[in-house]
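Let me begin by presenting the structure, written as structure tokens, before commenting on it.
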Amino acid sequence: MSDLLIILDYHQKLNDLLLTTARQNDIDEIVKIIVEGYGPVEKIILFGSQVKGGVDKYSDLDLIIIKKTNKRFVERLSEVPFLPIPTDVFVYTPEEFERMKENENPFIISALQNAKVIYEKS
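Below you can see the structure in the form of structure tokens.
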């Protein structure tokens, strides 16, 4: 391998590491904002490109929030606090989430194939 290719490969790996570290800091901050600003949350699941790879600086976060609430789906979404980076959020009650898993809801099954629990109420 030529010296130039070695240098380019090194820089790409360094950029990937910096992006991953910055994104993890973003994720930590978003978990804090949601937990502190959205009431009692039982679980937050990160899914999509942030978990399966292929992330770039324009990638958004895909989150499933599970919380007890009597509000309708659309109302729940409007209550999610402002998040500082682009985020797609889906809010389900524990019962809805379990029912969708049991019924093999295509969206939930697909999301959970590349998912990571980033917060769970202790």
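Numbering (my numbering), first residue to last: 9 to 130.
We put the beta carbon where it would ideally sit given N, CA and C, even for glycine.
Everything numeric in this text was worked out from a predicted model, so none of it was measured.
Exercise. Does DSSP put PHE115 in a helix, in a strand, or in coil?
Worked result: Reading the sequence shown from its first residue, position 107 is the one you call residue 115. It is helical.
Problem set entry | Pairwise C-alpha distance: PHE115 and TYR46 | Stepping through the sequence shown from its first residue, residue 46 is reached at position 38. Stepping through the sequence shown from its first residue, residue 115 is reached at position 107. It is roughly 24 angstroms from the alpha-carbon of TYR46 to the alpha-carbon of PHE115.
Problem set entry | DSSP-derived helix/strand/coil call for ASP63 | Here residue 63 refers to the residue found at position 55 when the sequence shown is read from its first residue. In the sequence as presented, Asp is not what sits at residue 63; that position holds Val. Three-state DSSP puts VAL63 in coil, outside helix and strand.
Exercise. Can you give the beta carbon distance from PRO94 to ASP68, rounded, assuming they're within the 8 angstroms contact cut?
Worked result: As a first step, residue 94 must be located in the sequence shown, where it is residue number 86. As a first step, residue 68 must be located in the sequence shown, where it is residue number 60. Their Cβ separation, rounded to whole angstroms, is 4 angstroms, which keeps PRO94 and ASP68 in contact under 8 angstroms.
Problem set entry | Neighbour-count burial assignment, ARG80, 16 or more Cβ in a 10 Å radius | Reading the sequence shown from its first residue, position 72 is the one you call residue 80. Answer is exposed; the Cβ neighbour count stays below 16.
Exercise. Using the C-alpha atoms, what's the distance from VAL82 back to VAL125?
Worked result: For the purposes of this step, residue 125 is taken as residue 117 along the sequence shown, with counting starting at 1. For the purposes of this step, residue 82 is taken as residue 74 along the sequence shown, with counting starting at 1. Going from the Cα of VAL125 to the Cα of VAL82 covers about 23 angstroms.
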